[in-house]
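Read in order, the letters of the sequence shown correspond to residues 802 to 1156 in the working numbering. See structure below.
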Amino acid sequence: MAESKKVNVGVVGFGMSAQTFHCPLIVSSPHMNLVAVVERRSTKSQSAYAGITTVTSTDDLFAMGNVDLVVITTPNGSHFDLAKQAMEKGKHVIVEKPFTVTSQEAELLVQVSKETGKVLSVYQNRRWDGDFLTVKKLIEQGYLGRLVEFESHFDRFRNFSKNGWREQETSKGAGMLYDLGAHLIDQANNLFGVPHSIYATISNQRQLPGANIDDDFIIILTYKEGHKALLRSSMLARQTPVLRYSLRGFHGSYVKHHLDVQEDQLKAGKLPGDAGYGTDPREHWGTLNSDLAGGVHVDGKVETVKGNYLAFYNNVAEAILFGKPLAVTPEDGLLCMRLIELAQKSSDEGRTIFF
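Okay, structure coming up:
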């Protein structure tokens, strides 16, 4: 593609994911045009985005010659088939997380991407949470010294079922492990790479009628360097504020509460580029207590790095237009799926699994 050309994007589905996370970022990217949306029962997207085309089937979307990139926001069980079909029809693809529902499917998609030469990425937007970017800098720049423990939470309080497909045991890839677990595992992979071992407990704590899915997990990843990552998610975490990160190192610790602000901002209609977008309020900043190199002791707040979900879409566009490296590769998606499966196996068998 010529440098002056933008990537034309078609989105499959117009539910919460597309409305909140994808379409607002697509139209905010200087490298992209939103041109089409698949909606089977309405044309709501046309009201939100003037000038786009609405089609009722993925076949119609994949046949559109002016669509370069397809974004798949449908339920997890459909990700593999739709991504495969789109690439075979000549489209680049972004798949909402989780990548697939099995590592075998993920491996096949990696192969199809190589065979077709099409860019394939997974929407792991939480790599661009402001708090995660902050944690990454603290670790990389040695503010904690040798890291010994990384604890990451993504908790909610919902003692009822919303009756969506994510809470139906008949839905492929339902439950918290595939939903929030995919985020936490990918963040750990991005920081530390492939773990040495995994131990997990995964359970259904709420025991709600019609929602027989996992709603709580603890995953412990260990690494050959000696540190460990504890990943935790629960639907029955009512404490306020919710813990997000707790890091311990040889020289100190860092603690952060509250979730990244971007999801709530996007739901409220704020876009990247608007004043205050991605900016964590001061009262939500984390706290660092550390003896830095040279004997300097620091005990106080650390300003949260500004969050930037738009960076994900800009990176994919630049990979398509200019051949730049992908930030989130299909191999990243495959590793995440393998760890999800091994976490479930560990929980089922009650044992630590070594790579």
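Glycine included, C-beta positions come from ideal geometry on N, C-alpha and C.
What number of angstroms, rounded off, separates the C-alpha of residue i from the C-alpha of residue j?
i: residue 1026; j: residue 997; result: 9 Å
i: residue 1119; j: residue 866; result: 20 Å
i: residue 810; j: residue 1051; result: 47 Å
i: residue 1083; j: residue 833; result: 33 Å
i: residue 803; j: residue 835; result: Annotation note: pLDDT 41 at residue 803 (below 50); position unreliable, coordinate value reported separately. Answer to the nearest angstrom: the Cα atoms are 18 Å apart.
i: residue 1100; j: residue 923; result: 38 Å
i: residue 1035; j: residue 862; result: 38 Å
i: residue 1002; j: residue 1098; result: 38 Å
i: residue 1033; j: residue 1067; result: 25 Å
i: residue 882; j: residue 1093; result: 51 Å
i: residue 1060; j: residue 914; result: 34 Å
i: residue 1147; j: residue 1153; result: 6 Å
i: residue 856; j: residue 1144; result: 39 Å
i: residue 972; j: residue 1142; result: 16 Å
Determine the contact status of residue i and residue j, defining contact as a CB-CB distance below 8 Å.
i: residue 920; j: residue 893; result: yes
i: residue 1139; j: residue 904; result: yes
i: residue 1116; j: residue 1128; result: yes
i: residue 1134; j: residue 900; result: yes
i: residue 839; j: residue 823; result: no
i: residue 1087; j: residue 946; result: no
i: residue 846; j: residue 1111; result: no
i: residue 1039; j: residue 958; result: yes
i: residue 1114; j: residue 939; result: no
i: residue 950; j: residue 1028; result: yes
i: residue 1044; j: residue 1018; result: no
i: residue 850; j: residue 936; result: no
i: residue 808; j: residue 869; result: yes
i: residue 1091; j: residue 944; result: yes
Just checking my contact of residue i with residue j at CB under 8 Å: how many whole Å lie between their CB atoms?
i: residue 911; j: residue 1131; result: 5 Å
i: residue 974; j: residue 1014; result: About 10 Å separates the two Cβ atoms, so there is no contact after all.
i: residue 1079; j: residue 1063; result: 6 Å
i: residue 1037; j: residue 962; result: Their Cβ separation, rounded to whole angstroms, is 13 Å, which puts residue 1037 and residue 962 out of contact at 8 Å.
i: residue 889; j: residue 854; result: Incorrect: roughly 22 Å between the Cβ atoms, too far for contact.
i: residue 871; j: residue 887; result: 4 Å
Relative to the C-alpha of residue i, which residue among the options is closest?
i: residue 993; options: 965, 983 and 1023; result: 1023
i: residue 953; options: 870, 1103 and 1021; result: 1021
i: residue 753; options: 931, 1081 and 1031; result: What is shown of the chain runs 802 to 1156, which leaves residue 753 out entirely.
i: residue 873; options: 817, 851 and 959; result: 817
i: residue 898; options: 962, 844, 927 and 1060; result: 927
i: residue 1105; options: 1067, 1055 and 1123; result: 1055
i: residue 860; options: 841, 896 and 957; result: 841
i: residue 991; options: 885, 1137 and 1017; result: 1137
i: residue 960; options: 1004, 1016, 848 and 913; result: 1016
i: residue 930; options: 984, 1042, 979 and 964; result: 984
i: residue 877; options: 848, 1089, 1125 and 981; result: 981
i: residue 907; options: 885, 1046, 1096 and 970; result: 885
i: residue 1149; options: 819, 864, 999 and 916; result: 999
i: residue 848; options: 820, 956 and 858; result: 820
i: residue 1089; options: 1096, 1065 and 1057; result: 1057
Looking at the strands, I want to know which residues DSSP matches up with residue i.
i: residue 1102; result: 1088
i: residue 1057; result: 1046
i: residue 1017; result: 1004 and 1035
i: residue 950; result: 1029 and 1049
i: residue 1022; result: 999 and 1030
i: residue 854; result: 837
i: residue 1136; result: Bridge partners of residue 1136: none, in fact.
Can you tell me whether residue i sits near the ligand ADP, meaning its C-beta is under 7 Å from at least one heavy atom of the ligand?
i: residue 929; result: Ligands displayed in this structure: none; no statement on the ligand ADP is therefore possible.
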